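All the letters of the sequence shown, read from the start, carry residue numbers 30 to 187 under my numbering.
Reviewing the structure listed below.
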Amino acid sequence: MIQFKKHSGIYTLEAETTLPISLKEAWDFFSSPKNLQVITPPHMGFQITSGLAEKAFSGQIITYNVAVLPGIRTNWVTEITHVDDEKFFIDEQRFGPYSMWHHEHHFKKAENGVDMLDRVSFKIPLGFLGDIAYSLFIKKQLQGIFEYRETKLKELYG
Numbered sequence: 030m031i032q033f034k035k036h037s038g039i040y041t042l043e044a045e046t047t048l049p050i051s052l053k054e055a056w057d058f059f060s061s062p063k064n065l066q067v068i069t070p071p072h073m074g075f076q077i078t079s080g081l082a083e084k085a086f087s088g089q090i091i092t093y094n095v096a097v098l099p100g101i102r103t104n105w106v107t108e109i110t111h112v113d114d115e116k117f118f119i120d121e122q123r124f125g126p127y128s129m130w131h132h133e134h135h136f137k138k139a140e141n142g143v144d145m146l147d148r149v150s151f152k153i154p155l156g157f158l159g160d161i162a163y164s165l166f167i168k169k170q171l172q173g174i175f176e177y178r179e180t181k182l183k184e185l186y187g
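Written as C-alpha cells, this is what we have:
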C-alpha cells in the first residue's frame with residue numbers, strides 16, 4: 030500500500046510491505062547499500078558512485094548518479110543519519126534533486142514474516158512550479174519506484 034499526503038509544503042509518501050522472510054534477512058538485505066540498485070527501476074540507470082560498505086552505518090555518505098527524467102541525470106548525495114539494528118535506519122539527502130529528502134526505513138517482526146514501512150518526507154524546489162511538477166509527474170514517478178520495489182522484492186522473496 031502506497032499513500033501520499035501534503036502538510037506545510039512537505040509531501041510524505043508511506044509504503045508498507047510484508048515479506049515472508051525473517052527480520053534478520055530483511056535487515057541484511059536493506060541495510061546493504063549495494064542492494065539499492067537491485068530494487069530501483071532499470072530505466073533510472075541508478076549507479077552508486079561512492080565506495081560501498083557492507084552495512085549502513087550512522088554518518089555514512091553514499092553518492093549516486095541517477096536519471097530523474099529521461100535523458101536527465103543528476104548526482105545525489107545521501108547520509109545515513111540513524112541506524113538501530115533490525116529496527117530502522119534513516120537516510121537524508123545532502124545534495125540532489127529535492128529541497129529536502131528524509132527517508133525512514135522501519136522493520137518489524139510479524140506473524141507471517143516481516144512488516145516494512147518506508148516513510149519519505151520530501152520538499153520539491155521551485156515553489157508552485159514544483160507543486161505543478163509533483164502533480165504532473167513526480168508523484169507518479171515515486172509511486173512507480175515503490176511499486177517496482179515491491180514487485181522486485183516479491184520476486185526475490187515470494
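Beta carbons: idealized from backbone N, C-alpha and C, even for Gly.
Small disclaimer: the values here were computed from a predicted structure and weren't measured.
Between Glu115 and Leu48, the CB-CB gap reaches or exceeds 8 Å. Inter-residue distance for Ile91 and His132 is about 14 Å (C-alpha atoms, whole angstroms). When the alpha-carbon of Gln89 is set against those of Ile68, Ala96 and Arg123, the nearest one is in Arg123.
Following the DSSP letters along the chain, one finds Lys137 inside the beta strand (DSSP E) bounded by residues Met129 to Ala139.
In the assembly as shown, Phe157 is an exposed residue. Its beta-carbon has fewer than 16 other beta-carbons within 10 Å. Cβ atoms of Ser87 and Thr110 come within 8 Å of each other, at about 6 Å. Pairing Lys181 with Phe33 gives a Cβ-Cβ distance that is not under 8 Å. Taking 3 residues as the minimum length, the beta strand (DSSP E) runs contained wholly in the region 99–175 are 101–113, 117–124, 129–139 and 142–152, in order along the chain.
In this chain, the alpha helix (DSSP H) harbouring Phe59 covers Leu52 to Phe59. The three-state secondary structure of Thr180, taken from DSSP, is helix.
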